[in-house]
Structures are given as structure tokens and as C-alpha cells.
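Asks: Numbering (the numbering used here), first residue to last: 864 to 1321. Submitted below is the structure of interest, expressed as C-alpha cells.
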């Protein structure tokens, strides 16, 4: 397996080494086309050990590595290389880990999924070719990438993993495929809804998003009328964003995706206020306000997030069939539709209209429809394996957020009862933090999980 060290530097007590691997696009055919997978290894900088080493020539690890693989949330997001000894990085390094930040295939420095790469570098032209190719970017392929990299770095030794959100989903796929490779598994806001179909997931997502809208309008009652006024304007006027995308009513409602993180309601209120003031003063939104709206979402820059939003729940024989789009019109969800009284923001959901509204997604519209029509999927989880794993085999520790808008608390509870009967899932459950709790308060989140890992239950 070929690799190249592409960056090496020391910054604020951290030694970072970035490595690019050439791995199979299709793990069932190792001789098929290769793609690039990038990792960055972060460890404490030790002047006596590292000052005279050339990190561009060889991978640098301690004599007895204690690696922890960080699996990013998403799907479709890469990892930021740490440059300061703070936050998640500091807590993990102080605990004695060396962190492996992996840009999952299709993200970050790894071979990306954008239209140019898909059509030119990966040589796909027809929708059928694109569908066949992009199915190699699911959690099982991500885990197989990680497993090859583990063997290259530390041979038969085990490593630990920390999965945030979708990274937690990948962690359970890892547990299903290669449990013998894992020393400890940490999951934050990311126990997957194993055994539940897509509609069950989005039924709960609409409930949680309704709760967040109720909270939002209680906090900012003036925004009830302002949001209606803005949506009326958007329904009556064709509004083009600075990048050429279209600001429809549905796209404006998608700002509610931010409700699931700390400070998200304040961010949305700020945009609503700016937009409403523009209409009051100028009768149209300014470039500044339109840029705020445009930059509040990441679907154009992270297209996998849109393409796989429902596919991550597909395992076995199942069809997503635009679940969020259909359930928007289910009884009880009327406020998620345009009306003149009170309009709810939507959440972590993907709609058909997005593939017209977002300029980068327009090219993927046929592929999106093909994904939502697909009925047979490879299995992402081995429930038999998960049920057999004991704490002695691989301890699993999770942080679960009671008010999580994205990964439902009730579904997480059911998964634990059904698929982890050996009680091999110790949970730190909190209603003080939201889905981004790991980033907001890593000392509390990681510290609580370390305590659960170290302490016996009597």
C-alpha cells in the first residue's frame, strides 16, 4: 500500500504529520482504480525525541503507540488539522493518545466527491456509473480504509476510536466488521438507529425539530411574524444568492438545521433580524444578508451530506424514497409547510427542491433520485456480532444528548435494549448539551466517558 507524507510541522506543543494513502475505490477489487485517503497524526511534541527527525521521510510514532482514530460527523465532512493545544486535541493528548484524524473518502484532503471529480477523475458519465461509484463511499468502505491504515501504522496492534455523530455510525460498522481491531470505542451523539427504517427515523426527527421550533419562537416571539413576512417575500420574488443558487422558501426554512447545536437559535435569529430589517428599510435583502444565508449551510461544499443524508439509514432491503420530503406532509407537520400564520424551520433533512436551489447540487439531481429509488443496500451492521460483544471484548462508551435534534434519544435507547443486551454500552446522558457538545465542552464530555471506561459498575 503506497503512501506519501505530504506535511509535517510542530505547532503549540503538537506534532502533526499528514499522510496520503492510495487505497482501492472498491475494496472488493483491490486492483481496481485507486483513490487518495488522507490522515493526520497528532501527538505531543517532545523536543528531545522529535527535534532532529525528518518527518517527511518516515512516519513518526512512539515506541508503544496508543492510537485513537477520530471519525468525523457528517456524512461528507473532513477533519481540521489542529494547530493549538486546546479543546478535543488537548484532552485526548493529555489522556495519552496519539490522534489519527482521517479525512473519510470523499472529504477533506481525500479524493473528494464533487461533480468534476466524479465525472473526470473517477471517469463516471452515466447516472448508473455514478451510482455504482458513489456506493463505494459508505460507512463500510470508510471502515475498510481505516483498517488498512491501522495495519500499515501498527500491524496487528489495536487502536481506539472516537466517533462524533455519523462517525459513531461508522464506529458501529467497525464493530460489526473488525471488532478484534478495536481497543476502546467512544461515541458522541452517534449511536445509529439500527433496525429502524428511514421513515421511523424522520418521524422522530420531525418531532425533535418541532420542539426546537417551539423553543425558538418562545425565545424570539417577534420572529413569528417576521419569518412569515420573509417567506411571503421569497414566495413572491425570485431571489438569487451570491453564488448563483436560489433562495426559495424551503431553502430559507433549512436554516433550522442550526437549531441542533449550541448557539444555533441565536444564529438563526440574527439572520432573520437582518433579513427583516432589509425588507423594512430597502424592500429587498442585501448582499450581506444573502451571504449570511448562503454561508449558514454547507450542502454546496459537502455534497455527500446531501446525497447520503437518508442513505446512511439504508441497510439491506429498503428504499428511502425521499422520506423527509414525504413526511413533511404527514398529519401534525403542517407548520413545516408554507402558511400565513406560523412557519417552522426544518432540520437535518434533505428535500427534492434542494437539487434545484443549491447550485452545486443541481448537477447531482439525477444521481440523488437514483439513490432514493435504490431498494437493495449492502448491510452496514452485523447485529449478531454486536449482540455478542462484551465489555471485555471491546468496551463501548457513549455520550447521549437528551435533546439531540439529529440523533434521537428514544431510538438510541431502543437500540441499546435490542442490540446490546450484554450491557456493553455505558452512557453519559445529559440535557445540558446539544449535538455539538464534544466541541463545546470536550473536558466534560470526554472526561465523563473516561470515568465510565475506568470505573466498574457494582
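All residues carry an ideal CB built from backbone N, CA and C; glycine is no exception.
1. How far does the beta strand (DSSP E) with residue 1260 in it reach, from first residue to last?
2. Who pairs with residue 1091 in a beta bridge, going by DSSP?
3. Bridge partners of residue 1026, per DSSP?
4. Quick one: give me the first and last residue of the alpha helix (DSSP H) that residue 1066 is part of.
5. Do the stretch 1135 to 1146 and the stretch 1087 to 1099 make contact, defined as three or more Cβ pairs closer than 8 angstroms?
6. Would a C-beta distance cut-off of 7 angstroms place residue 1264 and residue 1052 closer than the cut-off?
7. Once DSSP output is grouped into helix, strand and coil, what is the label at residue 966?
8. In chain order, what residues of the same chain lie with their CB nearer than 7 angstroms to the CB of residue 1082, ignoring the 5 residues before and after it?
9. Just grab the DSSP bridge partners of residue 1179 for me.
10. Taking residue 905 as part of the beta strand (DSSP E), name the residues at either end of that continuous run.
11. Go through its chain and collect everything with a Cβ distance to residue 1155's Cβ below 7 angstroms, but skip five positions before and after it.
12. Is DSSP giving residue 885 helix, strand or coil here?
13. Select from 1189, 909, 934 and 999 the residue whose C-alpha is nearest the C-alpha of residue 893.
14. With distances taken from CA atoms, which of 1253, 1211 and 876 is nearest residue 1069?
15. What's the gap between the Cα of residue 1142 and the Cα of residue 1149?
16. Could you tell me the distance, in whole angstroms, from the CA atom of residue 1237 to the CA atom of residue 963?
17. Unbroken alpha helix (DSSP H) runs of length 4 or more, entirely within the stretch 1141 to 1181: which are they?
18. Kindly list the residues whose CB is nearer than 6 angstroms to the CB of residue 1173, restricted to its own chain and excluding five residues on each side of it in sequence; keep chain order.
19. Residue 880 and residue 865 - do their beta-carbons sit closer together than 7 angstroms?
20. Hey, out of 1312, 1313 and 1252, whose CA is closest to residue 1041's CA?
21. By Cβ distance below 7 angstroms, which residues in the same chain neighbour residue 1239 in space, the five residues on each side in sequence not counted?
22. Check the C-beta distance from residue 1076 over to residue 1201 and give it rounded, since I have them as a contact under 8 angstroms.
23. Look up residue 874 in the DSSP assignment and give the residues it is bridged to.
Replies: Walking through what the data contain:
1. 1259 to 1264
2. None, per the DSSP bridge assignment.
3. 934 and 1050
4. 1061 to 1082
5. yes
6. The answer is yes: Cβ separation under 7 angstroms.
7. strand
8. 1128
9. Residue 1179 pairs with 1240.
10. 897 to 907
11. 1134 and 1137
12. Annotated three-state conformation of residue 885 is strand, per DSSP.
13. 999
14. The shortest C-alpha separation from residue 1069 is found at 1211.
15. Near 9 angstroms, if we compare the C-alpha coordinates of residue 1149 and residue 1142.
16. Spanning the two alpha carbons is a distance of roughly 34 angstroms.
17. Counting only runs of 4 or more, we get 1150 to 1158 and 1166 to 1170.
18. 1061, 1183 and 1186
19. For residue 865 and residue 880, no; Cβs fall outside 7 angstroms.
20. 1252
21. 1180
22. Between residue 1201 and residue 1076 the Cβ distance is about 15 angstroms, and since that is not below 8 angstroms, they are no contact.
23. 877
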